[in-house]
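Just below is one structure, and these are the notes that go with it.
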Amino acid sequence: MATTDRQATTLALAHALSAAERGLAVIPLSRTKLPALRSPHRDDPDPTPCHGECGRFGHGVYDASTDPLRIRELFAAAPRATGYGIACGLPPYHLIGVDLDTKSGTDSCAALSELALRHLFTIPETVVVLTPSGGRHLWLTGPPDVIVPNSAGRLAPGIDIRGAGGYLVGPGSRTGRGEYTTAHGTAHLAPAACPPALLRLLLPPPRATHPAPPPAGDHGRGLVHFVLCAHEGQRNTRLFWAACRAYENGLGPALLTPLVEAALHTGLTEREARATIASAARMTGHHP
């Protein structure tokens with residue numbers, strides 16, 4: 148490996164360790180921005196889903212860690228890594244990445260500004276990472292009881308979202324197109340909280356197969372049923388969405404107990420359910 152590649156790996160490790168000190172879980176990346184470690188199950192004839200339970204490296208974002216020793220071991224196993232990824236959705240920040248792309252030929256910054264005007268929110272001062280292609284990554288934080296999914300272009304053309312199970316390329320990483328850098332004046336900032344109105348846009352809408360929001364006088368039976376239909380992995384998200392709709396339509400206090408009971412039926416604890424509903428109340432400007 149060339150000296151420049153070794154230097155890039157050393158620098159990537161240094162940047163990754165620095166990010167880990169801030170509580171950000173990291174993984175090594177290749178020049179293509181993909182995880183630098185190949186899956187240990189790639190040659191299995193019939194691989195079963197594994198998120199690292201086998202104890203080996205090579206599970207992408209599931210390898211992410213803030214432990215300096217583990218990070219060094221990851222980079223030692225990936226000697227050609229030239230960058231690092233920062234896992235989204237994990238404590239303490241529950242990071243949400245807003246990726247403003249330039250490759251699609253659309254003005255993604257203008258699209259985000261239009262969304263902000265239409266839905267009455269302001270993007271706060273936060274960490275901004277500049278990409279080699281001229282794009283921007285905005286770092287925001289989400290509530291611990293809400294799962295923000297990854298999406299590409301759903302919010303608006305040219306705007307991708309990195310949420311739970313996704314990762315952002317960390318500043319200081321080098322790819323085939325150049326280096327990721329922190330925008331001037333933002334390196335010292337902590338990721339800012341995602342505006343409530345934007346957070347609601349990032350949550351998945353109800354599927355057409357589920358009941359629409361109930362008509363007037365229905366006392367929210369459709370919202371309660373929407374929570375009852377939740378499967379593991381979407382229970383908190385569905386409860387948060389339903390509670391937001393309930394408070395926005397003046398049904399919050401009346402639906403508090405039915406929503407809690409529905410959440411208990413799906414497997415959440417009463418404490419988890421009440422915390423999620425309280426978070427929805429705060430997000431919509433109400434007192435739980």
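Positions 148 to 435 (the numbering used here) are the ones given, in order, by the sequence shown. A virtual CB, placed ideally from N, CA and C, is assigned to each residue, including glycine.
Under the three-pair Cβ rule at 8 Å, the stretch 383-395 counts as touching the stretch 421-432. About 7 Å separates the beta carbons of Gly-236 and Val-295, which is inside the 8 Å limit, making them a contact pair.
Sorting Asp-246, Glu-168, Leu-160 and Val-245 by C-alpha distance to the C-alpha of Thr-229 places Leu-160 at the top.
Arg-309 sits close to Leu-315, with the two beta carbons spaced by under 8 Å. Residue environment analysis places His-331 among the exposed positions, since fewer than 16 neighbouring C-beta atoms fall within 10 angstroms of its C-beta. Note on geometry: alpha-carbon atoms of Pro-343 and Thr-288 lie some 11 Å from one another.
For Thr-213, there is no enclosing beta strand (DSSP E), since its DSSP letter is neither H nor E.
Classified as buried, Pro-318 has 16 or more neighbouring CB atoms from the shown chains inside 10 Å of its CB. Nearest to Leu-285 by C-alpha distance, out of Val-407, Pro-291, Cys-341 and His-198, is Cys-341.
In this structure, the straight-line span from the alpha carbon of Ala-167 to that of Ser-320 is close to 14 Å. Put simply, the backbone Cα of Thr-328 is about 45 Å away from that of Val-407. Pairwise C-beta distances place the stretch 408-417 in contact with the stretch 367-379, as three or more of them are shorter than 8 Å. Assigned with DSSP and collapsed to three states, Ala-258 falls in helix. With fewer than 16 other beta carbons inside 10 angstroms of its own, Pro-196 counts as exposed.
Of all alpha-carbon atoms in Thr-156, Ser-186, Ser-212 and Gly-244, the one lying nearest the alpha-carbon of Leu-171 is that of Ser-212.
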